[in-house]
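Residue numbers (my numbering): 13 to 563. Ideal Cβ placement from N, Cα and C applies to all residues, glycine included.
So this is what it looks like as structure tokens:
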């Protein structure tokens with residue numbers, strides 16, 4: 013790679029990395045930052061059950077927070093920069109993986125793959141993704157998984173195993189799933205040196221698995237296991253664990269196109285052979301898990317969240333598709349390059365419309381039939397798009413960059429909204445509330461609405477419970493649900509909407525009962541939705557009212 017190409021790749025990777033947002037103290041960080049911050053300062057969130065009494069399930073992630081605190085670095089800026097760095101490493105790995113397929117045309121393929129990464133935001137089935145707006149355990153899991161993929165394709169299985177092991181150290185789900193799909197991939201590679209390959213790949217992963225085993229055994233042996241599993245799967249996070257057919261439409265579309273594009277790979281090329289093994293193993297993992305949670309429902313399969321690998325499968329599909337297109341453009345006399353782009357454009361429209369507007373799956377056969385009817389027209393259009401061979405690569409690169417820049421412009425507002433580190437997050441009304449909380453004792457405990465997930469981290473005050481933050485340890489899940497029942501007055505809380513409705517109907521007897529049980533000092537109520545019951549108001553703005561509670 014020459015300097016000019018390196019500069020383009022680096023610049024595009026940086027822009028794409030930024031496009032996913034510069035977030036801090038929002039979303040999942042409301043959960044994942046708490047343990048590290050309480051270890052830095054034991055008085056932080058004093059009297060908070062989640063902060064000091066629950067078993068945090070990504071304990072290794074807090075070591076990053078501790079290290080940042082030990083160095084005396086500003087937490088927010090450091091975590092944002094670290095997340096940005098991880099994204100860039102992942103994107104550069106994607107470029108390197110593409111290079112294993114086609115070193116000559118890798119820049120053209122890369123820019124088109126980047127375009128769809130930005131457009132789709134790496135989201136796939138059941139709320140799975142590669143990149144998020146904030147640094148979290150899955151950020152490290154995703155990056156080191158991608159590095160592991162690269163070394164797997166190069167045949168350096170020990171390095172791949174080390175990368176996968178570290179991904180699993182930061183996020184156990186990546187470790188458990190890695191044993192499955194990498195095991196399948198090695199089976200596809202055949203019996204030659206199977207034992208040697210497996211030992212190099214899985215030995216580092218087994219070491220990390222042994223480190224995680226005590227927690228996993230404690231998790232599995234809890235007598236609250238079944239109750240907690242049902243709460244997680246069907247109440248707290250069905251968007252992750254209960255498949256939605258509509259979400260699979262883009263995944264199916266990319267997978268069909270990807271499988272069709274496999275024919276362009278050279279079965280004699282060892283790198284191509286490993287790419288096929290990895291790609292097919294990911295497809296099998298996701299598809300079998302889907303069958304075992306739709307045709308029949310196996311709760312354990314659902315709980316293992318095999319769909320985490322779906323966006324990686326889609327990513328490999330996109331690499332394959334654009335590799336196929338480029339090969340047709342430069343090395344095939346059967347189909348002109350213009351026809352390839354016209355056909356791919358139609359596929360893109362189908363995928364985008366089904367994703368954007370959630371089109372019913374029955375629409376796809378209609379579009380497929382229409383495509384067959386229009387195919388002759390694409391052949392004619394392609395003749396108008398003819399260029400001399402020597403200009404094709406430059407044209408493709410410029411076309412891809414132009415497409416990517418258009419998507420950047422389209423997504424710019426989304427990027428800013430996600431960039432909570434720079435956009436004045438939290439919102440004005442919440443910010444006023446949290447500012448007022450600084451005037452209360454740091455040992456105060458608050459009753460807050462279930463959907464106010466930012467309160468604990470931004471107000472730096474203990475809460476009884478919120479909907480966002482919980483540990484997945486079965487005992488903690490049951491305790492969390494019990495607290496949600498208490499503050500909402502609803503015996504069978506089905507979802508956040510049910511919890512919110514119950515909270516807005518807070519009556520005085522329930523409030524008095526909560527005071528006695530949880531020793532609450534203040535209650536945050538929604539203005540115009542909750543009654544204050546004649547209690548002294550200590551803060552109010554356009555959205556919130558805070559009342560001081562009697563002892």
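About 14 Å separates the CB atoms of residue 44 and residue 88; that is not less than 8 Å, and the two are not in contact. Bounds of the beta strand (DSSP E) holding residue 549 are 549–552. Cβ-Cβ distances below 8 Å link residue 476 to 61, 457, 458, 459, 460, 495, 498, 499, 526, 530, 532 in the same chain, with the five nearest sequence neighbours on each side left out; the list follows chain order. For residue 44, the uninterrupted alpha helix (DSSP H) segment begins and ends at 41–44. Taking residue 479 as reference, the option from 25, 40, 16, 125 with the minimal CA-CA separation is 40.
Counted as a single uninterrupted DSSP element, the stretch harbouring residue 556 is not any alpha helix (DSSP H) but the beta strand (DSSP E) occupying residues 556–560. Between the alpha carbons of residue 216 and residue 118 lies a distance of about 31 Å.
Secondary structure within the segment 21–93: the alpha helix (DSSP H) runs of 4 or more consecutive residues, fully enclosed, are 41–44, 46–52, 61–64, 74–83 (chain order). Residue 504 sits in coil when the DSSP states are folded into three classes, being neither helix nor strand. One alpha carbon belongs to residue 301, the other to residue 314, and they sit about 7 Å apart. Of the candidates 120, 63, 104, the residue whose Cα lies closest to the Cα of residue 408 is 120.
At the C-beta level, residue 130 and residue 180 stay beyond 8 Å of one another. The three-state secondary structure of residue 534, taken from DSSP, is strand. Within its own chain, the residues whose Cβ lies closer than 8 Å to the Cβ of residue 51, once the five positions on either side in sequence are excluded, are 74, 77, 78, listed in chain order.
Taken in chain order, the complete alpha helix (DSSP H) segments of 4 or more residues contained in the segment 432–514 are 440–449, 467–471, 486–500. Its Cα nearest to that of residue 550, the residue 536 stands out among 310, 515, 536.
By the Cβ rule, the segment 96–110 counts as touching the segment 145–165, because three or more pairs are nearer than 8 Å. Distance between residue 169 and residue 503, taken at the CA atoms: about 52 Å.
Distance check between residue 213 and each of 196, 26, 223 places 196 closest, using alpha-carbon atoms only. For a cut-off of 8 Å, the C-beta gap from residue 538 to residue 323 is around 36 Å, too long to register as a contact. Annotated as proximal: residue 172 and residue 160, with beta-carbon spacing under 8 Å.
For the pair residue 415 and residue 210, the CB atoms are not nearer than the 8 Å cut-off.
Every alpha helix (DSSP H) of 4 residues or more that sits fully in the segment 280–334 is shown, in chain order, as 282–306, 311–315. CA-CA distance, residue 441 to residue 555, rounds to 6 Å. Taking 8 Å as the cut-off, the Cβ atoms of residue 204 and residue 488 do not count as close. In the structure shown, residue 140 falls within a coil segment according to DSSP collapsed to helix, strand and coil. Pairwise C-beta distances place the segment 294–308 out of contact with the segment 274–286, as fewer than three of them are shorter than 8 Å. Residue 518 carries a coil assignment under DSSP once its states are collapsed to helix, strand and coil. In the DSSP assignment, residue 266 falls within the alpha helix (DSSP H) that extends over 260–273. Relative to the Cα of residue 325, the nearest Cα in the group 438, 546, 158 belongs to 158.
The count of Cβ pairs closer than 8 Å, one atom from the segment 271–281 and one from the segment 327–342, reaches three, so the stretches are in contact.
When the Cα atoms are used, residue 335 and residue 267 turn out to be separated by approximately 15 Å.
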